[in-house]
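Quick note, the sequence shown lines up with residues 1 to 744 if you use the UniProt record's numbering.
Data block below; observations after.
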Amino acid sequence: MGNITKKITSVLLSATTVVWLSGSSVLLPVVANAQSTDLQSQINALLAQIAALQAQLAAAGGASAACTFTNDLTVGSKGAAVKCLQQYLNGAGGAKVAASGVGSAGSETEYFGSLTAAAVAKWQAANGVSPTAGYFGARSRAKYSVLVAGAPAPAPAPGPVVGGSGLTVTLAPDQPASGLFGESFASRAFTKLKFTASSDGDVSVKALLVERTGQGADAAFNGVIPLDDDGIRFGTAKTFSSDHRLRLTEKFVVKAGQTRTITIAGDSDNNQDAYNGQLVSLSLIGVEVDGSAAINASYPMVGATHTVNSTLAIGALTLAKGSYDPGSGLTEEIGTTSYIFSGLRLTAGTNENVLVKSIQFNQSGSASITDLANVKVVLDGTTYDTTVSSDGKYFTANFGSGLQIDKGLNKELYIKGDVTGGSARTVDFDLYRYADLQVKGLTYGYELLPSATETTADNDDDSEFQTAEPRYDASQVYINAGTITAQNAPAVGAQNIAVNLSNQSLGGLLVDVKGEDITVASMNFDMSITKDAGDSVDTNDVTNITLVREDGVVVAGPVDGVAAGDNAVRFTDTVTFKPGRTVYTLKGKIGTDIGSNDTIVASTTPSVDWATVRGVTSGVTITPSPASAVTMSTMTAKAAALTVSLTPDTQSNASTTGQTVVAGTSNYLFTTYVLDASGSGEDVRVTSLKLVLTASSSNTADDLTNCQLYKDSTVLNTGSNIVNPSNSDAAGGVEKTFSLDTSF
């Protein structure tokens with residue numbers, strides 16, 4: 001089979017361009033003895049034929065898919081496509097969005113939230129779509145189309161990619177100098193490559209094919225890893241198979257008309273005795289891209305050849321559990337922010353100062369990328385952003401020009417973030433390989449492999465270093481659903497309430513919500529009325545009952561009390577409780593059958609009286625606390641009442657013979673009254689007061705002028721309301737009315 005035929009077959013089978021070196025036979029997308037324009041014309045014609053055949057096959061393959069997906073769908077997406085996806089997942093997809101309520105069968109919505117993401121991830125896992133990150137993209141659309149059409153499932157692959165038409169791969173002119181490949185080396189640069197995309201579009205590179213070459217053994221390498229333009233590791237290190245080859249599968253994008261530098265690097269272990277003196281190199285033998293971009297490359301591409309060495313003593317970096325590490329047995333609620341998941345202490349050895357360049361944490365827990373936000377790495381007090389791998393499991397922080405740790409000194413490093421979803425899932429940020437912490441010695445210039453005191457590998461999430469991967473097995477955090485707890489609200493204390501008036505306080509709850517918004521579909525309250533002798537009352541004498549938030553918003557009701565039995569007050573409005581501590585007041589109107597001194601005590605048992613309690617973010621059912629009754633303050637029914645009395649000093653003066661006043665005195669204080677409504681069931685408004693004036697003899701009343709009442713320092717009657725007695729007022733006493741300017 002000729003080279004062109006091989007290429008066409010590759011396009012037909014996988015819709016990607018794969019270039020291999022096999023023995024001495026080289027398959028190139030640009031054939032040395034053919035004009036590139038002629039070859040491209042043949043390829044384009046054949047691709048057109050393939051597209052036509054695929055269209056015919058699709059027409060004959062069965063009914064079209066029920067949903068039409070034209071865009072990637074992820075958390076925050078909205079529209080009819082989201083609802084159709086939820087309907088599919090709840091039905092034929094076999095990964096229900098929710099068992100009941102919002103998102104369940106018949107209650108699908110047009111919003112892509114955490115419940116939809118979790119269902120998509122479950123569907124992806126069941127159907128071999130990787131990564132299972134809950135992101136409905138090209139791979140998921142392709143798998144969906146196959147499943148709906150009933151066709152055999154092909155290997156997961158991206159859908160058609162609109163991108164650049166070509167990618168040129170060359171060796172960089174500044175290859176690493178040949179040198180040593182010693183013990184505990186990390187990220188040792190071997191082959192430096194330039195990737196240049198055509199000007200008509202971006203090119204996504206999905207794999208690099210690497211072969212170990214030279215006069216050495218595969219075992220001299222502990223792993224092979226790509227380095228980005230800044231020399232920072234990305235993706236995961238791979239080891240060689242029996243044919244001395246491996247495939248680096250972390251994707252990267254080359255922007256249209258631009259060039260990226262990617263370096264193939266190697267790690268070694270701490271014992272190279274068996275390979276001392278061997279000459280090893282790493283050769284690029286192939287590139288895979290998404291889409292149909294033609295690759296212009298000449299293989300193999302070989303950079304530096306290094307000599308394996310077992311005698312050079314370079315610097316060291318010893319790792320230990322950090323002081324910020326939270327330890328084991330951890331549970332956090334959805335909504336927790338800036339939580340520290342795991343931490344390390346980094347101590348430089350005595351041979352040389354070291355420079356810490358980057359770190360990559362492996363999130364090995366069951367939580368998805370959509371369950372976390374604002375994941376940052378903090379090194380020596382400075383916070384760094386992280387980038388996330390395509391599978392959502394590796395979080396990398398680049399420390400820029402690096403942080404120097406002098407010989408014998410140490411620094412603290414930890415990873416933190418927000419928990420935004422993932423009820424009943426786990427978060428576990430491990431250091432999977434020592435080489436995932438990128439460190440360079442500043443004396444010899446080699447990147448070195450950190451080490452630690454290890455225990456036997458048990459993978460029990462105990463914040464210990466171990467002899468197998470993950471090297472630092474961090475403690476995992478269990479994500480709890482939100483919580484809601486109610487108690488009597490001290491702010492709504494025992495008080496007198498009025499009969500036959502609306503909005504009288506019947507009790508108060510202090511509700512404490514953590515983790516997420518929580519909805520309660522219905523709430524019941526008991527109401528105990530203790531009646532005075534002769535009264536005949538029941539809870540149906542309490543009407544127009546509402547539940548009022550502390551900002552005055554009515555969140556449930558109004559409803560009327562039900563006579564006899566438990567749960568006399570029954571709210572069926574769905575109430576959304578926000579995180580935090582909030583006071584809610586039960587208010588209502590007590591009827592005239594309830595007499596003065598009758599008492600009312602409201603109560604509720606949240607665990608049984610509150611129904612369909614669900615976390616808005618997590619979507620899971622939550623049991624509110626406590627399981628015992630929450631009894632609110634006692635309210636006493638009282639009629640309107642006002643008691644008037646003299647202050648003690650006024651009473652004392654009144655019991656004596658009186659006081660002598662000099663004629664012409666102004667603003668003389670005659671007496672002080674106390675108006676007391678503490679025994680009233682409602683507020684009392686005063687508009688006027690009648691006071692009795694007694695003169696010792698006739699024709700002396702007009703000696704008093706400008707008589708005014710004061711409330712504290714405020715004058716209550718002014719202008720025409722000022723009282724000026726006249727001589728016609730009888731000496732035996734006459735009522736004088738003080739009309740107030742404004743009632744109080």
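For each residue, glycine too, the CB sits at the ideal point set by N, CA and C.
These numbers were taken from a predicted model, which means no experiment stands behind them.
Those residues which DSSP pairs with residue i across a bridge
i	result
C707	V723
N362	Y394 and D430
H244	Bridge partners of H244: none, in fact.
N524	R570
T168	T196 and N296
R212	L282
A486	V511
Start-to-end residues for the beta strand (DSSP E) that takes in residue i
i	result
Q438	L437 to G441
D418	N410 to V419
Y339	Y339 to A348
Q87	Premise fails: Q87 lies in the alpha helix (DSSP H), A80 to N90, not in any beta strand (DSSP E).
V375	L372 to L379
P226	G223 to L227
D406	D406 -> no beta strand (DSSP E), and no H or E assigned at all.
V477	V477 to N480
S607	Segment P606 to D609 is the alpha helix (DSSP H) holding S607; no beta strand (DSSP E) there.
M635	M635 to K638
K96	Looking at the DSSP string, K96 is not in any beta strand (DSSP E), and its letter there is neither H nor E.
T546	V542 to R549
Y673	Y673 to D676
Alpha carbon of residue i to alpha carbon of residue j, nearest angstrom
i	j	result
L675	T643	6 Å
L409	D325	19 Å
S502	N544	7 Å
A55	A256	Only weak support exists for where A55 lies, its pLDDT of 38 falling under 50; the value from the coordinates is given anyway. Using only the alpha carbons, I get a separation of about 30 Å.
V203	K192	19 Å
I405	R141	48 Å
V161	F252	Only weak support exists for where V161 lies, its pLDDT of 40 falling under 50; the value from the coordinates is given anyway. Answer to the nearest angstrom: the Cα atoms are 14 Å apart.
T350	D418	38 Å
Y446	T305	15 Å
S368	G79	23 Å
G235	N362	11 Å
G619	A373	18 Å
V378	T631	47 Å
T443	A313	11 Å
A213	V427	Rather than Ala, the amino acid found at residue 213 in this sequence is Thr. Their Cα atoms are separated by approximately 40 Å.
G421	L89	20 Å
V19	G322	Low confidence applies here, because V19 scores a pLDDT of 34, under 50, leaving its location unreliable; read the following figure in that light. Rounded to whole angstroms, V19 to G322 spans 45 Å at the Cα level.
G327	Y135	31 Å
V280	D243	15 Å
F670	T694	12 Å
A138	D72	7 Å
G552	L586	12 Å
A637	S678	12 Å
A297	T170	6 Å
F571	A481	24 Å
Q175	S364	36 Å
Element boundaries [alpha helix (DSSP H), containing residue i]
i	result
S114	S114 to A126
P558	Unbroken run through P558 is the beta strand (DSSP E), V554 to V559; no alpha helix (DSSP H).
D267	Looking at the DSSP string, D267 is not in any alpha helix (DSSP H); the run it does join, the beta strand (DSSP E), is T259 to D267.
S625	First-last for S625: undefined, no H or E at that position.
Proximity winner among the options, relative to residue i (alpha-carbon distances)
i	options	result
A457	G441, A474, G445 and Y444	A474
A452	G588, S625, Y472 and K440	Y472
V542	Y432, I590 and Y478	I590
M301	A294, V287 and N309	V287
V439	A197, K238, A556 and D267	D267
residue 802	G101, T168 and V616	Absent from the structure is residue 802, since the part of the chain shown begins at 1 and ends at 744.
D391	P470, A197, F399 and P131	P131
V511	S389, I600, P579 and T307	P579
D430	A468, F399 and L403	A468
A121	K96, S104 and Y111	K96
L506	M527, D269, L437 and V554	M527
A701	A126, G365, N724 and V662	N724
T386	N398, G719 and K393	N398
T530	V75, E735, A217 and A602	A602
heavy atom of the ligand HEM below 7 Å from residue i C-beta
i	result
K531	Because no ligand of any kind appears in the structure shown, any question about the ligand HEM cannot be addressed here.
Cβ of residue i within 8 Å of any chain D Cβ
i	result
V537	Absent from the structure is chain D; it holds one protein chain and no more.
Legend entry - Sequence ranges, beta strand (DSSP E) only - wholly within the region 255 to 321, length at least 3: 259 to 267, 279 to 289, 294 to 296, 306 to 308 and 317 to 321
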